[in-house]
Amino acid sequence: MKVLYVGLYGEGQTSKMRGELLKQILQPQVYDVIDTEIPQLNGHRFFRSIAFRYKTGPLIKQINKYVVHQAGLNNYDLIWVDKAIYLTKTTTSLLRKNAAFLLHFTPDPAFQYHKSSLFRDSLPLYDMAVTTKSYELKDYHDVLSEDKVVLVTQGFDKMLHRPCHQFSEKSGVVFVGHYTDDRRAIIQELLNNNIEVKLAGIYWEKFVKLNRHNNNLKYFGKGVFSEEYAKLVSSSYFGLGLLSRIVPELHTTRTFEIPACGTALVTERNNEITSFYKDDEVIFFKSASEIPSLIAKYLNDKDTLRSITERGNTRVLSGGFDYRSILEGILNRASVKAYHPA
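If you read the sequence shown in my numbering, its first letter stands for residue 1142, the second for the next number, and so on.
Have a look at this one:
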């Protein structure tokens, strides 16, 4: 079997994680990679910004030229394209000719956030398009027949996202994510209630400065990744699974990573998350204003908190939410030739 993976393949990229899992699952005779991060890193910062915002400019041409050159005339049983917001229809047509099966995957909001006309124009060329965004299904169906569109959940990495601390070693609440006004209000209220908060993410500098004399705030910088991320989440009693308001997000990677790390997930109640977890497996809230009182309640009832934490961890491990299970399901759905699950 011959497989080509097209996507960001630098260290720490979730695209690379998917690619390496795909290689492990399929064990192809040939596994080639076109790392689209290479031309992006070689491009000028200004043109990277133009490409991201408007999907045009010199960098778009450089990326497509690079992909076409790397792909050449080689034929593959499967070409997996990850996050193709910069690929033109001409480039995708070349990949289409080279592939027995052409598949696109993105965990991102392709239509409501990235809004790439390049991707939309190329979408009909794919045999399958996989998304994690239920609110974008109509957008996909407007371009591609429904039988070619597959909805999966976000996920977690079993090898990475795991408990690293005993329950007795935990403390406080953790949130890893970018600053927004609504998130600021939640974190501030926790601090005002004398609850320890471990925080990481971009744009929090002003907030951290304002709270620099509050010993309950522990700021870990603009980002924590990989093993350090798992350790930080695992070190906490609670993990805030706050959703984005930029798009109508209904779950996020944190929805699964937090319980996988052996930490109690604090999350809003919605139709998607209640399909993943029962009331005794995570801590649901209807309004963000409930979060401080809920956390205070369970800090005073550690036995119940431990039970919720353990049940949440059991559920996420057995529910097929890990990336390997998700990829195996996609390959089964695609009926990829020579794929035989154990």
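Here a beta-carbon is modelled for each residue, glycine too, at the ideal position from N, C-alpha and C.
Keep in mind it's a predicted model, so treat the numbers as computed, not measured.
Across the structure, I1201 and K1299 are spaced so that their CA atoms are roughly 35 Å apart. When DSSP reads this structure, L1381 sits in a beta bridge with V1407. Pairing L1373 with V1365 gives a Cβ-Cβ distance under 8 Å. When only Cα atoms are considered, L1244 and R1386 end up about 29 Å apart. The alpha helix (DSSP H) runs of length 4 or more contained entirely in the segment 1341-1405 are, from start to end of the chain, 1346-1351, 1367-1375, 1395-1401. Rounded to whole angstroms, V1284 and S1275 show a C-alpha spacing of 15 Å.
W1345 and Y1360 have their C-alpha atoms roughly 9 Å apart. The criterion of a C-beta distance shorter than 8 Å is satisfied by R1189 and Q1181. Short of 6 Å from the beta carbon of T1229, and not among the five residues preceding or following it, lie these beta carbons of its own chain, in chain order: N1205, L1259.
Excluding sequence positions up to five before and after R1353, its CB lies less than 7 Å from no other CB in the same chain. The three-state secondary structure of A1192, taken from DSSP, is helix. Taken through DSSP and simplified to helix, strand or coil, H1282 comes out as helix. By the Cβ test, the segment 1389-1402 is not in contact with the segment 1327-1339, since fewer than three Cβ pairs between them sit closer than 8 Å. D1323: member of the alpha helix (DSSP H) spanning 1322-1333, first to last residue.
Around the CB of F1187, fewer than 16 other CB atoms lie within 10 Å, so the residue is classed as exposed. Counting C-beta atoms within 10 angstroms of its own C-beta, K1157 has 16 or more neighbours from the protein chains shown and is therefore classed as buried. Around A1240, the same chain offers Y1217, I1220 as residues with beta carbons nearer than 6 Å, after the five sequence neighbours per side are excluded. Close CB contacts of L1446 within its chain, under the 7 Å cut and outside five residues either way in sequence, are with Y1378, A1405, Y1439 (chain order). When the beta-carbon positions are compared, S1376 and K1311 come within less than 8 Å of each other.
By the neighbour-count criterion, in which 16 or more other beta carbons inside 10 Å mark a residue as buried, V1171 falls on the exposed side. Distance from H1319 to A1371 at the Cβ level is roughly 19 Å; contact not present, criterion being Cβ atoms closer than 8 Å. Boundaries of the beta strand (DSSP E) around M1269: 1269-1272. Beta-bridge annotation (DSSP): F1316 is paired with L1340.
Rounded to the nearest whole angstrom, the CA to CA distance from T1321 to I1327 is 10 Å. In the DSSP assignment, T1247 is bridged to T1272. The beta carbons of D1173 and L1145 sit closer together than 8 Å.
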